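These notes concern the structure reproduced below.
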Amino acid sequence: MCAAMKFLIFSMLFRLLLAECNHTCACEDINTLHSGKPDIVYEKGVGCSQSLKCTSAHNIISMSKELSNIPDVIDGSIALFYNPSIPRNERPVLTVEFFSDFGLVCEDGRWFVTKFPMGIHNGLGPFSADAMNGKGYKATIQYLSCN
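Residue numbers (mature numbering (1 follows the signal peptide of the UniProt record, and there is no 0)): -19 to -1, 1 to 128.
Take a look at the structure:
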């Protein structure tokens, strides 16, 4: 009887440990928000760990004012270009890893941008990276583009 009790307790503890190892992500795969080149490199990791790489001169993340804490942004979309201060036809070709370069995080089932490597452009004019980074700003992602 004692051995059966030990086995039962061990089985219950083992199930509890397995339940703690749930590696699901509340957000959809980031790849579903991508438009543009079909040859983007996408890798799914454990939980929300993902990788999305693109080589282009025109890497863009369109963000929404909804759930954004970026000040002085007009309603609607916010464009986050990798090189907003350089004219589109003069931008260098870069390999961008969206997760590390733009600080993508999943919160409450939505993807957010938390890093702004070259600033943003919001329709009123560009905000520099110095004005954006390290301030705790974030915005929800509408779509990612690599053209």
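C-beta atoms are modelled at their ideal positions from N, C-alpha and C, and glycine is treated no differently. Predicted model only: the values in this text are computed from it and were never measured.
By a C-beta neighbour count over all protein chains shown, 10 Å radius and 16 as the cutoff for buried, is residue i buried or exposed?
i	result
Cys(-18)	exposed
Asp89	exposed
Where do the ends of the beta strand (DSSP E) carrying residue i lie?
i	result
Ser43	Asn40 to Ser45
Ser81	No beta strand (DSSP E) contains Ser81, which is instead part of the alpha helix (DSSP H) from Phe79 to Phe83.
Met8	It should be pointed out that residue 8 corresponds to Cys in this sequence rather than to Met. Looking at the DSSP string, Cys8 is not in any beta strand (DSSP E), and its letter there is neither H nor E.
Glu24	Val22 to Lys25
To the nearest whole angstrom, what separates the beta carbons of residue i and residue j, a pair I think is in contact under 8 Å?
i	j	result
Val74	Thr36	6 Å
Ile51	Tyr118	5 Å
I'd like the list of long-range same chain contacts for residue i, defined as Cβ closer than 6 Å, with 5 residues on each side in sequence excluded.
i	result
Tyr124	Leu14, Ser16 and Ser43
residue 129	Because residue 129 is not part of the residues shown, which for the chain are -19 to 128, the question remains open.
Can you find the residues in the same chain that come closer than 7 Å, C-beta to C-beta, to residue i, ignoring five residues on each side of it along the sequence?
i	result
Gly84	Val94, Thr95 and Lys96
Phe80	Gln31, Ser32 and Leu33
Apart from the five residues just before and just after residue i, which ones in its own chain have a Cβ nearer than 8 Å to its Cβ?
i	result
Ser126	His15, Ser16, Gly17, His39, Asn40, Ile41, Ile42 and Ser43
Arg91	Cys8, Leu48, Thr121 and Ile122
Identify which residue in the options has its Cα closest to the Cα of residue i.
i	options	result
Val27	Asp82, Arg91 and Ala7	Ala7
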